[in-house]
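This report refers to the structure that appears directly beneath it.
Residue numbers (the numbering used here): 1010 to 1252.
Spelled out as structure tokens, the structure:
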């Protein structure tokens, strides 16, 4: 991805950071500084760091699940809106796509359960004096639950859209399944946009993100179908020529 730079290499996968990602810690660090000086800035930066570690682990869940089926992931790029695991190919079978799609949210479920266990064993955040660490862990637990919920919305480019397509593709063609999942996502996007006008304007941005992601996924599926039909036509003509 353009304007991204390699920060590390883990398990044979490059971890890249997009330049726009730096806007996030800068913004929240500034807010923390305004509220509580250096301590506030450090608290905000530590939380952002922990949050994107969870996002990175989510993407590694996808990448390692893909590796199980021989699908390579050259790199994972961190963006202000999350992470992107770039796989070299798409899963051949719906069951493969289903497993790969679920692997990411499953990581966040595991993190949330671990955090809930830690908070339960240490008395939660309501007992005793307030603890910054406890509050941060509680917030991280809530965010991981939110990541699971958001990612499982049945709309591209979220994991839920891929789960829906994989389930549909077990009965219908890949293109038909993609078209249905894309239309479902675009319908939800329109709903988000309407709610955004009356509630949170951020929903309008999410709606644009979902709508464009669904359209792009459908275009890719159409191109894949056309390519497969072209290969079949070439094979048919070659067979006719040889006979």
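Beta carbons: idealized from backbone N, C-alpha and C, even for Gly. The model shown is predicted, which means the values in this text are computed figures rather than measured ones.
Cα separation between residue 1172 and residue 1035? 35 Å
C-alpha distance - residue 1015 paired with residue 1095, whole-angstrom precision: 14 Å
Going by Cα to Cα distance, which pick from 1232, 1038, 1185, 1013 is closest to residue 1056? 1038
I'd like the span of the beta strand (DSSP E) that includes residue 1015, first residue to last. 1013–1019
How would you label residue 1167, buried or exposed, when you count the other beta carbons within 10 angstroms and need 16 or more for buried? buried
Would residue 1174 and residue 1187 qualify as a contact pair, given that the criterion is a beta-carbon distance under 7 Å? yes
Roughly how many angstroms separate the alpha carbons of residue 1021 and residue 1083, rounded to a whole number? 8 Å
Any contact between the region 1057–1064 and the region 1147–1157? By contact I mean 3 or more CB pairs, one from each, below 8 Å. yes
With a cut-off of 8 Å, do at least 3 Cβ pairs link the region 1124–1131 to the region 1086–1095? no
If you follow the beta strand (DSSP E) that residue 1091 is part of, which residue opens it and which one closes it? 1091–1095
Note down the Cα distance separating residue 1071 from residue 1203, rounded to an integer number of angstroms. 32 Å
Could you check the C-alpha separation between residue 1229 and residue 1178 for me, to the nearest Å? 15 Å
Looking only at its chain, what residues have a beta carbon closer than 6 Å to the beta carbon of residue 1222, apart from the 5 residues adjacent to it on each side? 1165, 1166
Which residue marks the beginning of the alpha helix (DSSP H) containing residue 1031, and which one marks its end? Neither: residue 1031 is in no alpha helix (DSSP H) and is coded neither H nor E.
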